[in-house]
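Mapping of the sequence shown onto my numbering: residues 11 to 341, in sequence order.
Quick reminder that beta carbons are idealized off the backbone N, C-alpha and C, glycines included.
For clarity, every value in this text was computed on a predicted model and none was experimentally measured.
Presented below is the structure to which this report refers.
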Amino acid sequence: MTAHDPSSYINRELSQLEFQSRVLALAESKTTPLLERVKFVAIVSQNLDEFYQVRVAGLIEHHVTGVGRRPADGMSPREQLDAIHEAGKKLIDRTDRLMNDELFPALENEGIHVTDYEELSDDDRAYLSTTFDEEIYPVLTPLAVDPSHPFPYISNLSLNLAVELERPGTSDTEFARVKVPGILARFIRIRDEERFVPLEQVIGAHLHRLFSGSKIVDHFFFRVTRNADIAVEEEEAKDLLEAMESVLRFRQRSATAVRLEIDGRMSDSILNLLATELGVSSANVFRRTTPLDLSGLWDIYNLTRPELKDDPWTPTTQPRIAERGDRPIDF
11 MTAHDPSSYI NRELSQLEFQ SRVLALAESK TTPLLERVKF VAIVSQNLDE
61 FYQVRVAGLI EHHVTGVGRR PADGMSPREQ LDAIHEAGKK LIDRTDRLMN
111 DELFPALENE GIHVTDYEEL SDDDRAYLST TFDEEIYPVL TPLAVDPSHP
161 FPYISNLSLN LAVELERPGT SDTEFARVKV PGILARFIRI RDEERFVPLE
211 QVIGAHLHRL FSGSKIVDHF FFRVTRNADI AVEEEEAKDL LEAMESVLRF
261 RQRSATAVRL EIDGRMSDSI LNLLATELGV SSANVFRRTT PLDLSGLWDI
311 YNLTRPELKD DPWTPTTQPR IAERGDRPID F
């Protein structure tokens with residue numbers, strides 16, 4: 011084994027996913043307080059978002075353009091992408107099983123309910139209908155796709171509803187998209203209780219308000235991750251700030267999609283439409299069995315339930331410093 015032997019090195023990208031696996035293991039540990047376990051799931055979700063936006067996006071560019079050197083471990087961009095797909099899918103499957111089989115039931119046992127809209131009582135639905143009218147409806151912008159309205163741009167990390175519509179007088183279906191507003195809480199609280207419903211489900215239950223006169227055939231949830239890797243030639247840029255702003259403006263409207271997350275019941279026809287319009291390969295489509303964007307679990311972690319969290323860390327002052335007050339210390 012020598013310094014030039016690829017087997018002497020661990021791939022950087024796979025090493026990052028191994029780290030996320032260790033963070034997820036903290037969420038899987040029953041010795042970790044319940045809300046801390048939820049927090050670690052949120053952290054892994056955020057970290058994977060960043061990983062796909064930057065590291066995976068960069069590898070896809072290298073693979074497509076053929077530009078860039080192989081890392082010391084010798085893996086080509088294609089080999090790395092294939093390995094990332096396998097490792098990433100395992101992480102996501104572990105996360106979904108953990109949430110569905112352990113954490114959501116454990117939260118319910120502690121009186122914290124993350125509930126599907128379909129399971130709510132009529133009184134709860136009436137409450138959420140008022141919430142929809144007053145807080146959600148005013149910030150929604152539905153967009154239909156037809157010959158005069160092309161497929162809309164789906165912004166990075168946005169959560170969306172894909173809606174199948176049937177217009178009056180025809181049996182043909184149309185596609186529409188509703189963006190879930192990022193300014194609203196990820197989980198809608200029912201009254202002042204520790205009961206929550208995913209925001210997108212509340213919107214889905216009131217689609218008839220957005221498309222009056224049309225029949226709602228079905229709706230599904232999806233989330234897109236786009237390339238957020240930034241490459242600026244610092245030596246060639248006369249004004250680095252201006253160059254960065256230019257790159258960010260370009261990325262905002264033209265960054266390629268590198269990951270598509272969909273809910274578990276999305277139809278093949280809608281999936282094919284999204285994958286085609288977004289240019290996402292099947293290897294970068296992830297079908298989830300939990301609500302999309304689990305970074306929103308910070309809303310649950312931030313509940314005032316200290317008995318379900320680690321004891322707060324209290325900083326201490328080194329005794330010699332405390333004794334001398336503001337006088338200089340000779341260590």
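Check	Outcome
Limits of the beta strand (DSSP E) - the one that L101 falls within	First-last for L101: 87–108, but that is the alpha helix (DSSP H), not the beta strand (DSSP E).
Three-state secondary structure (DSSP) of T389	Nothing can be reported for residue 389: it is not among the residues displayed for the chain, which extend from 11 to 341.
Helix, strand or coil at E184 according to DSSP, with G and I counted as helix	strand
Limits of the beta strand (DSSP E) - the one that T235 falls within	225–236
N- and C-terminal bounds of the beta strand (DSSP E) containing D273	267–273
Minimum C-alpha distance to A265 - residue among P329, D132, I164, F231	I164
H73 to E38 span [Cα, whole Å]	35 Å
Short Cβ contact (7 Å threshold) for F161 with E287	yes
R205 to S86 span [Cα, whole Å]	48 Å
Own chain residues within Cβ distance below 6 Å of W308, not counting five before or after	A52
Rounded straight-line distance, which links the Cα of V66 to that of R196	26 Å
Neighbour-count burial assignment, Y311, 16 or more Cβ in a 10 Å radius	buried
Proximity test, I226 beta-carbon vs the ligand COA heavy atom, cut-off 6 Å	Judged by which ligands are present, the structure shown has none, so any question about the ligand COA falls away.
Element boundaries [beta strand (DSSP E), containing N170]	169–176
Residue environment, E23, which counts as buried when at least 16 other CB atoms sit within 10 Å	buried
E244 classed as buried or exposed, judged by whether at least 16 other C-beta atoms fall within 10 angstroms	Model confidence at E244 stands at a pLDDT of 45, short of 50, so the residue's coordinates are unreliable; what they give is reported in the following sentence. Exposed, since its Cβ has fewer than 16 Cβ neighbours within 10 Å.
Where R79 falls: helix, strand or coil (DSSP)	coil
Cβ neighbour criterion (16 or more within 10 Å) applied to A238	buried
Cβ neighbours of E46 in the same chain (closer than 7 Å, five flanking residues each side left out)	K319, D320
Buried or exposed (CB count within 10 angstroms, at least 16 for buried), K225	exposed
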